[in-house]
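K.L.:
Structure in structure tokens, see below.
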Amino acid sequence: MFDEAVHALREWQRDDQPFQLHPGDLGWYRRFGLQEANAAVRIWRGDGQIVAVGLLDGADLLRFTIAPDARQDEELARRLADDIRTPDRGVLPAGTVYVESPRGTRFQELMFERGWQSDVPWTPLRRDLGAPVPDPDVRIEVIGHDHADVYAAVLRASFEKSTFTEERWHAMAVGSPYADARSLVAFDRGDAVAAITVWSAGPGRPGLIEPMGVHHDHRGRGFGKAITVAGAAALRELGSSSALVCTPSSNVGAVATYRAAGFDPLPEVHDQRRD
Numbered sequence: 001m002f003d004e005a006v007h008a009l010r011e012w013q014r015d016d017q018p019f020q021l022h023p024g025d026l027g028w029y030r031r032f033g034l035q036e037a038n039a040a041v042r043i044w045r046g047d048g049q050i051v052a053v054g055l056l057d058g059a060d061l062l063r064f065t066i067a068p069d070a071r072q073d074e075e076l077a078r079r080l081a082d083d084i085r086t087p088d089r090g091v092l093p094a095g096t097v098y099v100e101s102p103r104g105t106r107f108q109e110l111m112f113e114r115g116w117q118s119d120v121p122w123t124p125l126r127r128d129l130g131a132p133v134p135d136p137d138v139r140i141e142v143i144g145h146d147h148a149d150v151y152a153a154v155l156r157a158s159f160e161k162s163t164f165t166e167e168r169w170h171a172m173a174v175g176s177p178y179a180d181a182r183s184l185v186a187f188d189r190g191d192a193v194a195a196i197t198v199w200s201a202g203p204g205r206p207g208l209i210e211p212m213g214v215h216h217d218h219r220g221r222g223f224g225k226a227i228t229v230a231g232a233a234a235l236r237e238l239g240s241s242s243a244l245v246c247t248p249s250s251n252v253g254a255v256a257t258y259r260a261a262g263f264d265p266l267p268e269v270h271d272q273r274r275d
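Under full-length UniProt numbering, the first residue of the sequence shown is numbered 1, with each subsequent residue one higher.
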């Protein structure tokens, strides 16, 4: 099921579409192992084709998207809304839950009509990769299996309460999405100072940054911008048409970092919440 979902998501990525679930999101979740990833994926089919894909990202958040040609389909919207609002259908539990989906779909309209509310805003950002990306001005290394411990250590030092480990990097890297991904680490005088993983969806399609972090001992020195620029360059080498990232709008530092790295903010997006 996991690889089926990845394949569908690759096909749906377009620069003219709203920010949506990306195969890189599934690739990042693959750090928990294939069994966990398969358990977290939800697929909806119609006429023998996949028409929607979801990722249960934790117990109370469903991140999902709909095939571009089915986003105004009334019957599908009602089917999805019924599945998601009914706890015994195994998509989301009872209580306060959240759904992330693309803007402008009939599904979103229907959820609001049924009493769901907008949650806190997120800012998607995009960098066009039609032109060459400048040098990041720091030493960058592509991380493979031999140095997964370096990447993992930087990521743990970048996010409070992070549980990322070398073993989780290996679990992520053997997943099918990682065939079109790169993990990079930035170095300053021999110290690993920032890390990023970027995910291509194939040539001519937008790629995704997930995650990017700067070691807490090395912040405020431009390493976030540098590693983001390096990530954009890696996506361009992989054939991506653009680089995408999404961060909470309240994280003004992250938004500023991405803008400094040449990313333009897109209209804010909101999860939908049912209390």
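Every residue, glycine too, gets a C-beta built ideally from N, C-alpha and C. Model, not experiment: these values are computed from the prediction.
Around the C-beta of Ala70, are 16 or more other C-beta atoms found within 10 angstroms, so that it is buried, or is it exposed?
P.N.:
Numbered from its first residue, the sequence shown carries residue 70 at position 70. Its Cβ being crowded by 16 or more others within 10 Å, Ala70 is buried.
K.L.:
Looking at the strands, I want to know which residues DSSP matches up with Gln20.
P.N.:
Position 20 of the sequence shown, counted from the first residue, corresponds to residue 20. Gln20 is not bridged to any residue.
K.L.:
In chain order, which continuous runs of the alpha helix (DSSP H) of length 4 or greater are located wholly inside the UniProt domain "N-acetyltransferase" (138 to 275)?
P.N.:
Those alpha helix (DSSP H) runs which fall completely within the UniProt domain "N-acetyltransferase" (138 to 275) and span 4+ residues are 148 to 156, 166 to 173, 223 to 237, 252 to 260.
K.L.:
Are the CB atoms of Gly207 and Leu184 nearer to each other than 8 Å?
P.N.:
In the sequence shown, the residue the question calls residue 207 occupies position 207. In the sequence shown, the residue the question calls residue 184 occupies position 184. No.
K.L.:
Where does Glu167 land, buried or exposed, given buried means 16+ other C-beta within 10 angstroms?
P.N.:
If you number the sequence shown from 1, residue 167 lands on position 167. By the neighbour-count rule (16 or more Cβ atoms within 10 Å), Glu167 is not buried but exposed.
K.L.:
Considering just the uninterrupted stretch of the beta strand (DSSP E) at Arg45, what are its terminal residues?
P.N.:
To locate residue 45, count along the sequence shown from 1; it is residue 45. First-last of the beta strand (DSSP E) with Arg45: 41 to 46.
K.L.:
What span of residues does the alpha helix (DSSP H) with Val6 cover, start to end?
P.N.:
The sequence position of residue 6 within the sequence shown is 6, counting from 1. Residues 2 to 12.
K.L.:
What is the residue span of the alpha helix (DSSP H) that residue 276 lies within?
P.N.:
Given a span of 1 to 275 for the chain in the structure shown, any question on residue 276 remains unanswerable.
K.L.:
Figure out for me which residue from Arg221, Ala179, Gly130 has the closest Cα to the Cα of Arg30.
P.N.:
By one-based count along the sequence shown, residue 30 stands at place 30. It is Ala179.
K.L.:
Kindly give me the distance between the Cβ atoms of Val99 and Asp271, rounded to whole angstroms, as I take these residues to be in contact under 8 Å.
P.N.:
In the sequence shown, counting from the first residue as 1, residue 99 sits at position 99. In the sequence shown, counting from the first residue as 1, residue 271 sits at position 271. Confirmed, Cβ separation roughly 6 Å.
K.L.:
For Asp73, count the other beta carbons within 10 Å of its own beta carbon; 16 or more makes it buried, fewer makes it exposed. Which is it?
P.N.:
Position 73 of the sequence shown holds residue 73. The residue is buried, with at least 16 neighbouring Cβ atoms inside 10 Å.
K.L.:
Here's the rule: buried if 16 or more other CB atoms are within 10 angstroms of the residue's CB, otherwise exposed. What is Ser158?
P.N.:
Start at 1 with the first residue of the sequence shown, and residue 158 comes out as number 158. Ser158 comes out buried.
K.L.:
Since Val53 contacts Leu21 with CB under 8 Å, what's their CB separation in whole angstroms?
P.N.:
Translated into positions along the sequence shown, residue 53 becomes position 53. Translated into positions along the sequence shown, residue 21 becomes position 21. Right, the Cβ-Cβ distance comes to about 7 Å (below 8 Å), so this counts as a contact.
K.L.:
Check for me: the alpha helix (DSSP H) holding Ala70 runs from which residue to which?
P.N.:
For the purposes of this step, residue 70 is taken as the residue at position 70 of the sequence shown. No alpha helix (DSSP H) holds Ala70; DSSP gives it neither H nor E.
K.L.:
Taking the C-alpha atoms as reference points, what is the distance between Leu26 and Leu55?
P.N.:
Along the sequence shown, one-based indexing puts residue 26 at 26. Along the sequence shown, one-based indexing puts residue 55 at 55. Near 7 Å, if we compare the C-alpha coordinates of Leu55 and Leu26.
K.L.:
What residues match up with Tyr98 in a beta bridge as DSSP calls it?
P.N.:
Taking the first residue of the sequence shown as position 1, residue 98 is located at position 98. Answer is Leu61, Arg273, bridged to Tyr98.
K.L.:
Here's the rule: buried if 16 or more other CB atoms are within 10 angstroms of the residue's CB, otherwise exposed. What is Val2?
P.N.:
The residue given as residue 2 occupies position 2 in the sequence shown. A small fix is needed here, since residue 2 is Phe in this sequence, not Val. It counts as buried.
K.L.:
Which partner residues does Leu56 have in the DSSP bridge list?
P.N.:
The residue you call residue 56 lines up with position 56 of the sequence shown. In DSSP, Leu56 forms a bridge with Leu62.
K.L.:
What residues in its chain sit with their C-beta under 8 Å from that of His170, if we drop five residues either side in the sequence?
P.N.:
What you label residue 170 is simply residue 170 of the sequence shown in a count that begins at 1. Contacts found: His145, Ala148.
K.L.:
Would you decide whether Pro177 is buried or exposed? Buried here means 16 or more other CB atoms lie within 10 Å of its CB.
P.N.:
Numbered from its first residue, the sequence shown carries residue 177 at position 177. It is buried - the Cβ of Pro177 has at least 16 other Cβ atoms within 10 Å.
K.L.:
Just to confirm my understanding: we take Asp188, look at its own chain, exclude 5 residues before and 5 after, and list those with CB closer than 8 Å. What are they?
P.N.:
Taking the first residue of the sequence shown as position 1, residue 188 is located at position 188. Closer than 8 Å at Cβ, skipping near neighbours: Val138, Arg139, His218, Arg221, Phe223.
K.L.:
Identify the residues that DSSP records as bridge partners of Ile84: which are they?
P.N.:
As a working mapping, residue 84 is identified with position 84 in the sequence shown. Looking at the DSSP assignment, Ile84 forms no beta bridge with any residue, so it has no partner.
K.L.:
Starting from Arg106 and walking both ways along the alpha helix (DSSP H), at which residues does that stretch end?
P.N.:
For the purposes of this step, residue 106 is taken as residue 106 along the sequence shown, with counting starting at 1. Taken as a continuous stretch (DSSP letters only), the alpha helix (DSSP H) holding Arg106 covers 106 to 113.
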